[in-house]
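Accompanying notes for the structure given below.
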Amino acid sequence: RKEVEQDPGPFNVPEGATVAFNCTYSNSASQSFFWYRQDCRKEPKLLMSVYSSGNEDGRFTAQLNRASQYISLLIRDSKLSDSATYLCVVISNTGKLIFGQGTTLQVKP
Amino acid sequence: DTGVSQDPRHKITKRGQNVTFRCDPISEHNRLYWYRQTLGQGPEFLTYFQNEAQLEKSRLLSDRFSAERPKGSFSTLEIQRTEQGDSAMYLCASSLVSRTAIDGYTFGSGTRLTVV
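If you want it as structure tokens, here you go:
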């Protein structure tokens, strides 16, 4: 079983739609979680950290459910520019980033 | 120093040749990581250094792979006797680790290796 699992998609949604991605992690001791965004043939870039209380950054909301060991990302009012791969990331106890496979989002006009 | 630099950006090599990649981290970062990413997958951890010490290596890092960070600044990743399965994007990242936090993970643009 992979340490971090995501549905690879692709998710094809129209502009303006709300879309949600989920991710599960296997190590219950994990403490830090992130969502990264990766554009085609580019490096991953930090989108947002995920806090236990949930956090919001504009149209993006991240949630953490420790009991079920899953993390979610909600994107409201999708824009064409949101088309990318979204990577769920967990920090291991040694401080390295562990990535999920990534979920591909394609926002259509 | 505005980010993590990797060189070269692209490398095409024949099977069996050796290749070496370089990563220059953000200067104040004490940790440096190497990842490998193949199409349709997330980045997979290879190894990391804290200053000049190599603290962890993945099982993915076969005997043909070696990484160094001799002075705790830049790092090199060498692949000997390349195989077609080594074709991937090799990503470097750096971060600042203190006793209480790990911060500032930043990735370089990667080196795309194609083995023909």
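Line by line, the protein sequences are chains U and Z. Using my numbering, you'd call the opening residue of the first sequence number 44 and step up by one each time. Using my numbering, you'd call the opening residue of the second sequence number 7 and step up by one each time. Glycine included, each C-beta is placed from N, C-alpha and C at the ideal position. Because the structure is a prediction, the values reported are computed rather than measured.
DSSP three-state label for residue i, please.
{"i": "GLN86 (chain Z)", "result": "coil"}
Our contact map puts residue i next to residue j with C-beta atoms below 8 Å; I'd like the distance itself, whole angstroms only.
{"i": "GLN81 (chain U)", "j": "GLY145 (chain U)", "result": "7 Å"}
{"i": "GLY114 (chain Z)", "j": "SER11 (chain Z)", "result": "6 Å"}
{"i": "ARG21 (chain Z)", "j": "GLU89 (chain Z)", "result": "6 Å"}
{"i": "VAL150 (chain U)", "j": "GLU46 (chain U)", "result": "VAL150 (chain U) to GLU46 (chain U), Cβ: 29 Å. No contact."}
{"i": "SER81 (chain Z)", "j": "LEU38 (chain Z)", "result": "5 Å"}
{"i": "THR53 (chain Z)", "j": "ALA73 (chain Z)", "result": "5 Å"}
{"i": "ARG109 (chain U)", "j": "ASP120 (chain U)", "result": "No, ARG109 (chain U) and ASP120 (chain U) are not in contact; Cβ-Cβ is about 29 Å, not under 8 Å."}
{"i": "ASP125 (chain U)", "j": "LEU89 (chain U)", "result": "Going by Cβ atoms, the distance from ASP125 (chain U) to LEU89 (chain U) rounds to 16 Å, so no, they are not a contact pair."}
{"i": "PRO87 (chain U)", "j": "PRO49 (chain Z)", "result": "7 Å"}
In the DSSP output, which residue or residues are listed as bridge partners for residue i?
{"i": "LEU117 (chain Z)", "result": "According to the sequence as given, residue 117 (chain Z) is Thr; it is not Leu. Bridge partners of THR117 (chain Z): Z:TYR96."}
{"i": "THR61 (chain U)", "result": "Bridge partners of THR61 (chain U): none, in fact."}
{"i": "TYR68 (chain U)", "result": "U:VAL47"}
{"i": "PHE54 (chain U)", "result": "U:LEU148"}
{"i": "VAL122 (chain Z)", "result": "Paired residues: none, contrary to the question."}
{"i": "HIS81 (chain Z)", "result": "The sequence shown places Ser at residue 81 (chain Z), not His. For SER81 (chain Z), which the question treats as bridged, DSSP gives the partners Z:CYS29."}
{"i": "SER73 (chain U)", "result": "In the DSSP output, where bridge partners are listed per residue, SER73 (chain U) has none listed."}
{"i": "SER127 (chain Z)", "result": "For residue 127 (chain Z) there is no data in the structure shown, the boundaries of chain Z being 7 and 122."}
CB of residue i to nearest heavy atom of the ligand MN: below 7 Å?
{"i": "ASN57 (chain Z)", "result": "This structure lacks the ligand MN, and indeed carries no ligand of any kind."}
Mind checking if residue i is an interface residue toward chain B, Cβ cutoff 8 Å exclusive?
{"i": "GLY52 (chain U)", "result": "Given the protein chain composition of this structure (U and Z), no chain B is represented."}
- Task: Would you mind listing the beta strand (DSSP E) stretches within the stretch 77-145 of chain U that are 3+ residues and don't spill past its ends, in chain order?
- Result: 88-93, 98-100, 103-108, 113-118, 127-134, 140-142
- Length at least 3, wholly inside the stretch 8-78 of chain Z: the beta strand (DSSP E) runs in chain order: 11-13, 16-19, 25-30, 37-43, 50-56, 59-63, 71-74
- Task: Indicate whether the contact test is met: 3 or more Cβ pairs, each with one atom in the stretch 23-33 of chain Z and one in the stretch 111-118 of chain U, closer than 8 Å.
- Result: no
- Message: If contact is defined by three or more beta carbon pairs under 8 Å, each pair taking one atom from either stretch, is the stretch 53-70 of chain U in contact with the stretch 64-83 of chain Z?
- Response: no
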